[in-house]
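Chemist: I'd like to ask some things about the structure below.
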Amino acid sequence: MTQRKPIIGGNWKMNTGLESGMHLAGCIVDGFTCGDCCDVVIYPPLPFLQAIESVIDTSELQLGAQNVWCEESGAFTGETSPTMLQEVGVKSVLVGHSERRHVLHEGSALIAQKVAFALVKQLQVVLCVGETFEERESGNTMKVVLSQITSGLANISSEQMVNVVIAYEPVWAIGTGKTASPKDAQEVHVAIRKALGEMFTEEIASQTRIQYGGSVNPDNAAELFSCEDIDGALVGGASLSAESFTAIVKAAYNP
Ligand code: 13P
Numbered sequence: 280m281t282q283r284k285p286i287i288g289g290n291w292k293m294n295t296g297l298e299s300g301m302h303l304a305g306c307i308v309d310g311f312t313c314g315d316c317c318d319v320v321i322y323p324p325l326p327f328l329q330a331i332e333s334v335i336d337t338s339e340l341q342l343g344a345q346n347v348w349c350e351e352s353g354a355f356t357g358e359t360s361p362t363m364l365q366e367v368g369v370k371s372v373l374v375g376h377s378e379r380r381h382v383l384h385e386g387s388a389l390i391a392q393k394v395a396f397a398l399v400k401q402l403q404v405v406l407c408v409g410e411t412f413e414e415r416e417s418g419n420t421m422k423v424v425l426s427q428i429t430s431g432l433a434n435i436s437s438e439q440m441v442n443v444v445i446a447y448e449p450v451w452a453i454g455t456g457k458t459a460s461p462k463d464a465q466e467v468h469v470a471i472r473k474a475l476g477e478m479f480t481e482e483i484a485s486q487t488r489i490q491y492g493g494s495v496n497p498d499n500a501a502e503l504f505s506c507e508d509i510d511g512a513l514v515g516g517a518s519l520s521a522e523s524f525t526a527i528v529k530a531a532y533n534p
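Heads up, the sequence shown stops at 534 in the numbering used here, and the numbers go up one at a time, no gaps.
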């Protein structure tokens with residue numbers, strides 16, 4: 280791990296109920312003892328955000344949202360603006376998650392608009408990128424990932440990069456129990472950092488945090504975090520257990 284502060288996200292996806300989500304958040308708060316060592320953000324389902332904020336608001340845990348819209352208000356049925364999210368305590372948003380790209384068919388233009396607008400509104404943006412199994416098998420991993428990076432950050436200034444985190448999540452590793460090997464993940468992280476250096480500056484590239492996501496669990500976290508360019512994780516399934524998630528958080532600041 281380098282001097283970049285690790286960041287661990289817990290993406291709950293469409294899981295938990297109100298009571299169980301509040302309970303889970305409370306247990307994560309109890310297990311998180313070192314806010315100086317690591318940033319920890321949880322991304323509960325939208326309807327529970329306010330209730331969960333009430334559980335974590337005096338802790339060092341941060342609240343995130345799994346999605347955001349790219350306009351302030353208006354006729355956008357079912358969508359939620361950055362300001363609405365901020366009113367209930369949200370500090371961070373996921374944009375371009377593979378389930379939104381592949382299940383909800385969000386395209387790169389919309390993703391770029393979401394990134395840009397959320398940053399204007401001072402939210403932290405976690406831009407998620409990653410290749411499918413077919414893309415990896417056909418040798419196109421770097422091409423796909425780097426194109427998602429360049430299009431996703433196309434409208435972003437160097438100054439705004441301080442609020443950007445990248446999450447590299449190979450689609451074939453999400454929810455499958457298959458994790459990219461630390462060597463393969465590190466290789467993609469290095470390529471992403473190089474691309475950030477070309478788009479912005481070397482300094483910005485070296486300061487930007489790049490999380491790995493895809494079947495991260497307490498058994499594989501420490502080895503992933505020991506890679507120089509892996510600055511934390513975006514965790515799905517294992518974030519639904521306070522015990523597993525807390526173990527992953529601890530591995531990030533003591534890899
Ligand atoms: P899993 O950890 O369940 O593979 O999910 C990863 C993910 O999609 C986090 O955003």
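Positions of the beta carbon are idealized from the N, C-alpha and C atoms, including for glycine.
Please confirm whether any heavy atom of the ligand 13P lies closer than 8 Å to the CB of I445.
Modeler: No, the Cβ of I445 stays beyond 8 Å of every heavy atom of the ligand 13P.
Chemist: Consider the Cβ of G386: report whether some Cβ of chain C lies at a distance smaller than 9 Å.
Modeler: Included in the structure is just one protein chain, with no chain C present.
Chemist: Take the Cβ of D309 as the centre, count every other Cβ of all protein chains shown within 10 Å, and call the residue buried at 16 or more, exposed below.
Modeler: Its Cβ having fewer than 16 others within 10 Å, D309 is exposed.
Chemist: Just the Cα atoms here: how many angstroms apart are G476 and V469?
Modeler: Each residue's Cα considered, the two are about 11 Å apart.
Chemist: Helix, strand or coil: how does DSSP classify G492 here?
Modeler: Here G492 sits in strand by DSSP.
Chemist: Who are the Cβ neighbours of T429 in its own chain at under 8 Å, not counting the five residues just before and after it?
Modeler: A474, M478.
Chemist: Which class does K529 belong to by DSSP, given the choice of helix, strand or coil?
Modeler: If DSSP states are grouped into helix, strand and coil, K529 belongs with the helices.
Chemist: CA-CA distance, G246 and R380?
Modeler: This structure cannot settle anything about residue 246, because the visible part of the chain is limited to 280 through 534.
Chemist: Threshold first: 3 residues or longer. Then list the beta strand (DSSP E) segments lying entirely within the segment 458-492, N to C.
Modeler: Here the runs fully enclosed are 488-492.
Chemist: According to DSSP, simplified to helix, strand and coil, what is G505?
Modeler: Sequence inspection shows Ser at residue 505; the Gly mentioned does not correspond to that position. Here S505 sits in coil by DSSP.
Chemist: Taking N496 as the reference, give the member of K457, E413, R283 with the closest Cα.
Modeler: Of the candidates K457, E413, R283, the one whose C-alpha sits nearest the C-alpha of N496 is K457.
Chemist: Can you give me the C-alpha to C-alpha distance between A433 and A391, rounded to a whole angstrom?
Modeler: Going from the Cα of A433 to the Cα of A391 covers about 7 Å.
Chemist: Distance, Cα to Cα, I286 vs F504?
Modeler: About 11 Å.
Chemist: Report the three-state DSSP secondary structure of N290 (helix, strand or coil).
Modeler: Three-state DSSP puts N290 in a strand.
Chemist: On a CA-only basis, which of H376, V382, L364 is nearest L406? Give me that one, please.
Modeler: The candidate whose alpha carbon is nearest that of L406 is H376.
Chemist: What are the boundary residues of the alpha helix (DSSP H) that includes V334?
Modeler: Segment 328-335, the alpha helix (DSSP H) holding V334.
Chemist: Given a cut-off of 9 Å, decide if I509 and Q465 are closer than it, judged by their beta-carbon atoms.
Modeler: For Q465 and I509, yes; Cβs fall inside 9 Å.
Chemist: Regarding E378 and the ligand 13P, is the C-beta to nearest heavy atom distance less than 8 Å?
Modeler: Result yes, Cβ under 8 Å from the ligand 13P.
Chemist: Does DSSP put V308 in a helix, a strand or coil?
Modeler: DSSP places V308 in helix when its eight states are reduced to three.
Chemist: Start and end of the alpha helix (DSSP H) containing S387?
Modeler: 387-399 is the span of the alpha helix (DSSP H), which, as asked, contains S387.
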